[in-house]
Each structure stands twice: as structure tokens, then as C-alpha cells.
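**Q**
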Amino acid sequence: MSVGRRAVVPAGAGLAPAPAGAPTARPQGHPRMRTLFIAGDSTAAQKYADAAPETGWGMALPCFLHRGVRVANHAADGRSTRSFLGEGRLDAVLAALRPGDLFLIQFGHNDQKVADPTRHTEPWTGYQDNLRVFVEGARSRGALPVLATSVERRRFDVDGTALRTLGAYPAAMRETARDADVPLLDVEALSLALWQRLGPEATTTYFNRTATQQDDTHFNPPGAIEVARLVVAELLRTHVLAPRETRRVDDHVPAGLITWPGHPTAASEFEESRS
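If you count by my numbering, then the sequence shown holds residues 1 to 275, one letter each, in order.
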């Protein structure tokens, strides 16, 4: 795996383009638009045309936000807290953060990978230590850190009970958030409850399952939209976002709003490893 810095995805890059003539300029005297930065793995990351229909939930997040909040998605396939830090990706986020911005941090899937020392962390030691580095970095820039437990995979037992697959990492993040007085979005618990309500069959329509791929970790557009809805509902519950900053949280969002841009060709782009 080559190492480099991911090209920043423009806000709304995963959404269908706005109608011609739609206003884009900020009115004179209007407060500065604040940005919601995402650090995480492939479940949240921007996907490109060669990966469709795979969709990160970060691609769907702008569907639920008013124009006063833009999204800068720095999540990248295959990353853990360890590899995100080791590749200098946090440095890139911190360089862009401004006072009043939000920094949403979701890791866990790849921190689990015991066989890979470049990614693995122990939940109650290295993982928590790394999360604190993200939190302290955001605060040093005047931004608000927000921790989000990882979205659950699609796993059911023979009786149709949705299973937890993330080990101690969600509990370790909850403890870190409590100790550091950081807002916590409990996406793991909410997504597990959602998969349980839907059941084994209905959940297949939310994941990246195609004629050639049976993927129970990554999402298609409907799944990414519903996970993004959970994220925004938690941002509202924790008062990180105000209702005026969100839209259609309870409304149907058509999957056709999601698009997959062509892959960046900038010199800083590199081949991503998979989650």
C-alpha cells in the first residue's frame, strides 16, 4: 500500500448536481459557513464511479443538512485510528479546521484487525489513546470533536437476532467520550436496532449485495441514506446541530440523489486499501 494524503472531497460530491442557476455565492455579511469534517473508514467514505453502487454514509449526509453546514469527508477505505494518524491524515484535517467547525470521528472496524499491526489497536489502550489525540487536536483548533461508535455489520443468528460484531470498541469509545466530555453518537446501538427491526431479509436491500458481491459491511444508496439519517438524528439529540441546520430528517430521501463522481487524478491521490 502506498502512503499519501487523500484528496479532499468537495462538499456534496456524492449528491446529484443542483439545478442550473441555483445560488452558490454566500450573501455579503452572512456568517461563515461551518464545516462538518468526517474522519473514519470505508463505511463513511466517499466512493467513486468504479465502486458503485457501494456508498459511504458520509456521501448521504448532505441530504439532511441545510446549506449553512457543508461536509468535508476525510474518511478513507481501510483506515483505523492507528493508520489514519500514521499516514498524516489527521494533520490534513487539523490544517483545514476552523473555530466553530465540527469534527466527527468514527473508527473501530479496522482497529479490530489483529493480524495487521499497521492498523490494529487494543480497545482499552491504544484505541482510546488515539481517540484522545483526535479530540485534543480538534479542540486545539477551536472545533467541536464528536465521537461516533461504528455502524454495525449485517450479521444475524439462526433465530434472526441481529448480532454485535464490534467487540469492546463501542464501549471503549463511550467511555472515552464520557471521560473527555465529548458528544457521543451511538451509531452502533442505533444501527443494530434498525437491522433487528428490519430483519435478515429486508436488510439485504441496505447493503452492497449484488450479483457478484455479497457484502454485509458496506452500503448501497438506501443503506447509506438510512445510516446518515441516524447520524443526523444523533447530532440533533446531542445538540451538536440545531434543527434549523437540518432538513427532511423524517422524510423519504430518494436514492437517486446519490451519485458517484469520477476518481480523482490529483498527484496526492493514492490507491485505497479496503475495509
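For glycine and all other residues, C-beta sits at the position ideal for the given N, C-alpha and C. Remember, it's a predicted structure, so these values are computed and weren't measured experimentally.
When the Cα of residue 153 is compared with those of 205, 48, 80, 195, which residue comes out closest?
**A** Within the sequence shown, numbered from 1, the residue matching residue 153 stands at position 153. Nearest of 205, 48, 80, 195 to residue 153, Cα basis: 195.
**Q** For the beta strand (DSSP E) that residue 159 lies in, which residues bound it at each end?
**A** Along the sequence shown, read from residue 1 onward, the residue named residue 159 stands at position 159. Note, residue 159: premise wrong, no beta strand (DSSP E); not H, not E.
**Q** Mapping DSSP to helix, strand and coil, what is residue 183?
**A** Within the sequence shown, residue 183 is the residue found at index 183, counting from 1. The answer is coil: DSSP assigns residue 183 none of H, G, I, E or B.
**Q** When burial is assigned at 16 or more other CB atoms within 10 Å of the CB, is residue 253 buried or exposed?
**A** Here residue 253 is taken as the residue at index 253 of the sequence shown, counted from 1. Per the 10 Å Cβ criterion, buried.
**Q** Going by the DSSP bridge assignment, what does residue 70 pair with across the sheet?
**A** As a working mapping, residue 70 is identified with position 70 in the sequence shown. Partner(s): 35.
**Q** For residue 209, write down the residues that DSSP places opposite it in a beta bridge.
**A** Mapped onto the sequence shown, residue 209 falls at position 209. For residue 209, which the question treats as bridged, DSSP gives the partners 214.
**Q** Is it the case that the Cβ atoms of residue 246 and residue 61 are separated by a distance below 8 Å?
**A** Residue 246 sits at position 246 when you count from the first residue of the sequence shown. Residue 61 sits at position 61 when you count from the first residue of the sequence shown. No, the Cβ-Cβ distance between residue 246 and residue 61 is not below 8 Å.
**Q** Short of 6 Å in beta carbon distance, which residues of its chain neighbour residue 52, apart from the five on each side in sequence? Order them along the chain.
**A** As a position in the sequence shown, residue 52 is number 52, starting the count at 1. Taken in chain order, the residues that qualify are 260.
**Q** Where DSSP assigns a beta bridge to residue 277, which residues make up the other side?
**A** Shown here, the chain extends from 1 to 275; a query on residue 277 therefore has no answer.
**Q** Can you tell me which of the three DSSP states residue 204 falls into?
**A** Walking along the sequence shown from the start, residue 204 turns up at place 204. DSSP places residue 204 in helix when its eight states are reduced to three.
**Q** For residue 215, which residues from the same chain have a beta carbon less than 7 Å from its beta carbon, with the 5 sequence-adjacent residues on both sides left out?
**A** In the sequence shown, residue 215 corresponds to position 215, counting from 1. Within the same chain, residue 215 has close Cβ partners 207, 208, 209.
**Q** If we count Cβ pairs, one from each stretch, closer than 8 Å, do we get three or more for the stretch 130-142 versus the stretch 170-182?
**A** The stretch 130-142 vs the stretch 170-182: in contact.
**Q** For the alpha helix (DSSP H) containing residue 81, name the first residue and the last one.
**A** In the sequence shown, residue 81 corresponds to position 81, counting from 1. It spans 81-86 - the alpha helix (DSSP H) in which residue 81 sits, taken as one unbroken run.
**Q** Just to confirm, are residue 84 and residue 145 a CB contact at a threshold of 8 Å?
**A** In the sequence shown, residue 84 corresponds to position 84, counting from 1. In the sequence shown, residue 145 corresponds to position 145, counting from 1. Contact flag unset, no.
**Q** With distance defined between alpha-carbon atoms, name the residue in 241, 143, 106 nearest to residue 96.
**A** As a first step, residue 96 is located in the sequence shown; it is residue number 96 there, counting from the start. Measuring from the Cα of residue 96, the nearest candidate turns out to be 143.
**Q** Count the other CB atoms within 10 Å of the CB of residue 263; is the residue buried (16 or more) or exposed (fewer)?
**A** Mapped onto the sequence shown, residue 263 falls at position 263. Residue 263 should be labelled exposed.
**Q** Do residue 186 and residue 226 have their CB atoms nearer than 8 Å?
**A** By 1-based counting over the sequence shown, the position of residue 186 is 186. By 1-based counting over the sequence shown, the position of residue 226 is 226. It is not a contact, given that the beta carbons lie outside the stated cut-off.
**Q** My output table needs one value for residue 118: the three-state DSSP class, helix, strand or coil.
**A** Taking the first residue of the sequence shown as 1, we reach residue 118 at position 118. Note: residue 118 maps to coil in three-state DSSP.
**Q** Check for me: the alpha helix (DSSP H) holding residue 76 runs from which residue to which?
**A** The residue you call residue 76 lines up with position 76 of the sequence shown. Here residue 76 belongs to no alpha helix (DSSP H), and DSSP marks it neither H nor E.
**Q** If you check the beta carbons only, do residue 170 and residue 149 fall under 8 Å apart?
**A** The residue labelled residue 170 in the question sits at position 170 within the sequence shown. The residue labelled residue 149 in the question sits at position 149 within the sequence shown. Closer than 8 Å, so yes.
**Q** Would you tell me roughly how many angstroms separate the C-alpha atoms of residue 71 and residue 34, rounded to the nearest one?
**A** Along the sequence shown, one-based indexing puts residue 71 at 71. Along the sequence shown, one-based indexing puts residue 34 at 34. Cα to Cα, residue 71 sits roughly 9 Å from residue 34.
**Q** On the three-state DSSP scale, how would you describe residue 65?
**A** For this step, residue 65 is matched to residue 65 along the sequence shown. The answer is strand: DSSP assigns residue 65 an E or B state.
**Q** So, for residue 256: in the same chain, excluding its five sequence neighbours on each side, which residues have a beta-carbon less than 6 Å away from its beta-carbon?
**A** As a working note, residue 256 is residue 256 in the sequence shown. Cβ within range, chain order: n/a, list empty.
**Q** Rounded to a whole number of angstroms, what is the C-alpha to C-alpha distance between residue 73 and residue 160?
**A** As a first step, residue 73 is located in the sequence shown; it is residue number 73 there, counting from the start. As a first step, residue 160 is located in the sequence shown; it is residue number 160 there, counting from the start. Using only the alpha carbons, I get a separation of about 34 Å.
**Q** Residue 234 lies in the alpha helix (DSSP H); which residues open and close that run?
**A** Translated into positions along the sequence shown, residue 234 becomes position 234. 221-237 is the extent of the alpha helix (DSSP H) around residue 234.
**Q** Would you mind sorting residue 114 into buried or exposed? The rule is 16 or more other CB atoms within 10 Å of its CB.
**A** Reading the sequence shown from its first residue, position 114 is the one you call residue 114. Exposed, by the Cβ-count rule.
**Q** Compute the Euclidean distance between the alpha carbons of residue 48 and residue 75, then round it to the nearest angstrom.
**A** Reading the sequence shown from its first residue, position 48 is the one you call residue 48. Reading the sequence shown from its first residue, position 75 is the one you call residue 75. Their Cα atoms are separated by approximately 13 Å.
**Q** Using the C-alpha atoms, what's the distance from residue 120 back to residue 249?
**A** Position 249 of the sequence shown holds residue 249. Position 120 of the sequence shown holds residue 120. The alpha-carbon atoms of residue 249 and residue 120 are separated by roughly 35 Å.
**Q** Go to residue 139, then tell me how far its alpha helix (DSSP H) extends in each direction, as first and last residue.
**A** Taking the first residue of the sequence shown as position 1, residue 139 is located at position 139. Here the alpha helix (DSSP H) through residue 139 covers 128-140.
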